[in-house]
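These notes concern the structure reproduced below.
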Amino acid sequence: LTQTTLDKIVYEYQHGGVKSNHPELTTYERKALQNTYTLYLLIATSACRLSYQKNCDLKSIALGLWAFQMCLNTLWTPVFFGAFDLKGAFAIIVILWLTITAYIVISFRIDRVSSYLFLPYWTWVSFATALNYAYILAN
């Protein structure tokens, strides 16, 4: 991420870029998108910080976990919302949660800030995991 890209992201976030790009969204939906943008900015910043740390055995493991959790994150949405495969989505999100947890533990040993940046994401995925499970029970 370049400073210009970060400046654009921050500007759009602070000045309602979501609102101007999506006028049909309600205030609640815009806030939800802004929160999602914030989470992804934290996720990206964590990996960026980690990539600039000195090389060690744990660094490659942490970046591998980061890439794997991004794949799982991308996969979960179409399985849950598109295919409505609740059990399949639950399996994916549990693996995602475990991967995020492992990333937090390993990245803590390399760069504590990178680890801390993942805590809001871990909290959100924990909540989403509970919701996914609740949907399984309800259906």
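For what it's worth, my numbering labels the leading residue of the sequence shown as 1, then goes sequentially.
All C-beta atoms in this analysis are idealised placements derived from N, C-alpha and C, irrespective of residue type, glycine included.
Here residue 59 has 50, 53, 110 as same chain residues with Cβ atoms under 7 Å from its own Cβ, once five neighbours each way along the sequence are excluded. The beta-carbon distance between residue 92 and residue 76, rounded to whole angstroms, is 5 Å. This is short enough to meet the 8 Å contact definition. Taking 8 Å as the upper bound for CB-CB distance, residue 65 and residue 103 are in contact here, some 4 Å apart.
Counting along the chain, the unbroken alpha helix (DSSP H) around residue 121 starts and ends at 119-138. For the pair residue 96 and residue 73, the CB atoms are nearer than the 8 Å cut-off. Of the candidates 133, 71, 112, 57, 133 places its Cα closest to the Cα of residue 84. Linking residue 88 to residue 79 through their CA atoms gives a straight-line distance of about 7 Å. By the beta-carbon neighbour count (other beta carbons within 10 angstroms, threshold 16), residue 81 is exposed.
The three-state reading of DSSP puts residue 83 in coil, since its state is none of H, G, I, E or B. DSSP places residue 69 within a helical segment (H, G or I) once states are collapsed to three. Relative to the Cα of residue 138, the nearest Cα in the group 27, 86, 57, 44 belongs to 86.
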